[in-house]
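Peer 1: Next up is a structure, given as structure tokens.
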Amino acid sequence: MHVTLHLGAHRTGASTMQNFLTGNARLLAQEGIAVWAPPHTRRGLLSGLVRRPDRITLPLERLGRHSCGRLQVLQHSAARSGMERLILSEQNLLGTAAECLRSERLYPWVFERLNRVVPALHGSCDRIVLGIRAYDRFWTSLLGQAVLNGHSAPDCATLDRLVTQPRRWRRVIEEISAAFPSARLFVWPYERLGGLPERQLAAMTGNSLSPGFAVRMAGVRSWEARGATPEDICGVMADCGHLAPIPISSDGRWLPFDRDQREALVAQYAEDVAWLRSGANGHATLIERADARELRIMDMTGGSIPDDRHQNTTGLG
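For the sequence shown, this note's numbering begins at 1 and goes up steadily by one.
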């Protein structure tokens, strides 16, 4: 059985994709595809594996080895039941959103974290998929969720450190590739495929689904884990006694970063996209369009796409 590892990332439509997968698990099983996604992955399936490397104790190390063995057994069981591919979707394998904000780094321990999962997927993981997002929107979305969870709004120094932090999507991709050198890594920009889970599914499966399969699937235009709105943020800050207005864009977005900071972040993302378009030194394949025959068959129309999904990225890189 082959395994596709879906690593998120956070705030790139991962929760929407996971809801789509779990909501259609029975239909996918008819196509020979098994799905392991939250909440399934967060009920002990990955015990001892989703941890910061500097906090691994001997008991956690033993627990992680036990989980790897259990994952191998479960894969064999799924294969015996007729499954040909397993989609394992868990963005926390990269690291947590809180960890990114605390460290002020973009997923600081990707290789070390994934290296703990390698024994569980040795020889079976042949595809890895990753969604990326423009840095200004990515960090703003993480910060908005943090404020809603009771954290203070970021000050100027914090925002400056997020702009100048050294880790980029390029480094994340290189570390994923280093952990799984035999797997093909596919990367899509959230701005292009974030609201199209059926197209993401095609990348996960290698377009191996039956023609017209997506028209039978539920939740193809659902939207889960929506980002914090300016109204949400203002309400929380007012409850904490902060009544000063917050900067909002013309299209109703919270703008914690100033103009210069946003321009720097946009330029960084443009460099990443240009690197991916040039071939990413063989580490990954960029998916910006879904124009293969199978994807046209699967494509569906729906309502308006919220947030920054499907904004033009042709000017990047």
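The beta carbon of each residue, even a glycine, is placed where N, CA and C say it ideally should be.
This structure is a prediction, so every number in the text was calculated from the model and none was measured.
1) Would Met188 pass as a contact of Leu143 if the rule is Cβ separation under 9 Å?
2) At a cut of 8 Å, does the segment 188-203 reach the segment 161-168 through at least three beta carbon pairs?
3) Could you give the first and the last residue of the continuous beta strand (DSSP E) run that contains Asp155?
4) Could you give the distance in angstroms between the alpha-carbon of Leu63 and the alpha-carbon of Glu263?
5) My parser needs the alpha helix (DSSP H) runs of 4 or more residues fully inside the segment 63-108; what are they?
6) Leaving out the 5 sequence neighbours to the left and right, which residues in its chain are closer than 6 Å to Ile33 when beta-carbon positions are compared?
7) Who pairs with Val3 in a beta bridge, going by DSSP?
8) For Trp169, which residues from the same chain have a beta carbon less than 6 Å from its beta carbon, with the 5 sequence-adjacent residues on both sides left out?
9) With 16 as the cutoff for other CB atoms within 10 Å, does Trp275 come out buried or exposed?
10) Tell me the residue span of the alpha helix (DSSP H) that contains Pro197.
11) How do the segment 81-96 and the segment 5-12 stand: do at least 3 beta-carbon pairs fall below 8 Å, yes or no?
12) Find the nearest neighbour of Asp54 within the set Leu255, Asp232, Ser15, Pro108, judged by alpha-carbon distance.
13) Sort out for me which residues DSSP pairs Gly131 with in a bridge.
14) Once DSSP output is grouped into helix, strand and coil, what is the label at Leu162?
15) Flag this pair as touching only if the segment 23-42 and the segment 175-183 have three or more C-beta atom pairs under 8 Å; answer yes or no.
16) Taking buried to mean at least 16 other C-beta atoms within 10 Å of its own C-beta, is Thr205 buried or exposed?
17) Looking at C-beta atoms only, is the number of pairs between the segment 105-124 and the segment 67-74 that lie closer than 8 Å three or more?
18) Relative to the alpha-carbon of Asp155, which residue among Trp139, Gln261, Ser124, Pro256 has its alpha-carbon at the smallest distance?
19) Would you give the residue range spanned by the alpha helix (DSSP H) that Ile176 belongs to?
20) State the Cα-Cα distance for the pair Leu185 and Ala179, rounded to the nearest angstrom.
21) In the DSSP assignment, the beta strand (DSSP E) including Trp36 goes from what residue to what residue?
22) DSSP three-state label for Ile233, please.
23) Here's the rule I'm using: 16 or more other beta-carbon atoms within 10 Å means buried, otherwise exposed. How should Gln30 be labelled?
24) Could you check the C-alpha separation between Ala14 and Leu88 for me, to the nearest Å?
25) DSSP three-state label for Leu286, please.
26) Quick one, which of Thr285, Val236, Arg137, Pro247 has its alpha-carbon nearest Tyr269's?
27) Is Arg113 closer than 9 Å to Arg52 when the C-beta atoms are compared?
28) According to DSSP, what are the bridge partners of Trp254?
Peer 2: Reading it off the structure:
1) Note that residue 188 corresponds to Trp in the displayed sequence, not to Met. Contact: no.
2) no
3) Segment: none, Asp155 is in no beta strand (DSSP E) and carries neither H nor E.
4) 45 Å
5) 97-103
6) Arg85
7) Bridge partners of Val3: Leu86, Cys125.
8) Answer for Trp169: Ile132, Asp272, listed in chain order.
9) Buried: at least 16 other Cβ atoms inside 10 Å.
10) Here the alpha helix (DSSP H) through Pro197 covers 197-205.
11) yes
12) Pro108
13) Trp188
14) helix
15) The segment 23-42 and the segment 175-183 do not touch, with fewer than 3 CB-CB distances between them shorter than 8 Å.
16) buried
17) yes
18) Minimum Cα distance to Asp155 is reached at Pro256.
19) 169-179
20) Rounded to whole angstroms, Leu185 to Ala179 spans 11 Å at the Cα level.
21) 33-36
22) helix
23) exposed
24) If you take the alpha carbons of Ala14 and Leu88, they lie about 12 Å apart.
25) strand
26) Cα-wise, what sits closest to Tyr269 is Arg137.
27) yes
28) In DSSP, Trp254 forms a bridge with Ile248.
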